[in-house]
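To start, the structure itself, in structure tokens.
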Amino acid sequence: MSAQKSISTKAYQKETKQHLLSKPDKAFQKNKVEQKNQQQIIKSMEIPNQISAVANIILKDWKKPYFGAVPYLNTMVQLDNINQMYDQDSAKSIVRYFLANAQSWKGETARAVKAKLNQLLKN
27 MSAQKSISTK AYQKETKQHL LSKPDKAFQK NKVEQKNQQQ IIKSMEIPNQ ISAVANIILK
87 DWKKPYFGAV PYLNTMVQLD NINQMYDQDS AKSIVRYFLA NAQSWKGETA RAVKAKLNQL
147 LKN
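Per our numbering, residue 27 is the first one in the sequence shown, and the count goes up by one each step.
Written as structure tokens, this is what we have:
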């Protein structure tokens, strides 16, 4: 009897595995959809490459910025491009620190601006 039980258990496990593998990964599909949506938002909002212009968009949209992001945001207002230096800090490091402190900023504008800043950091 135990041999029959183990065979049926193995068959069930095999069926379950095949069933799970045949289903598309919903999380993967969701991420692809989110990436396309972010690209569309960036295109529709036309966020500029100038850091000070991006900072002004942030100041208009983010009503109560997180205190840790404020000094970096204030510095970004004075920057023109991502390759610039501000005192002893690069614009890239300032933008990175801003992004690290801007996790509480939510919404379509926030997603679009953060995506644009990340895009500028990669280039």
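Glycine residues also receive a C-beta, built at the ideal position from the N, C-alpha and C atoms.
| query | Per DSSP, M111 forms a beta bridge with which residues? | reply | S116
| Proximity of N107 and N144 at Cβ, strictly below 9 Å | No. Outside cutoff.
| field | C-beta atoms of N109 and A117 nearer than 9 Å | value | yes
| field | Inter-residue spacing [alpha-carbon to alpha-carbon] between L147 and E134 | value | 20 Å
| message | Quick check on DSSP: helix, strand or coil for N75? | response | coil
| How about Q104 and S130: are their beta carbons less than 9 Å apart? | The answer is no: Cβ separation not under 9 Å.
| task | Would you kindly report the start and end of the unbroken alpha helix (DSSP H) that includes Q145? | result | Looking at the DSSP string, the run of the alpha helix (DSSP H) that includes Q145 is 134-148.
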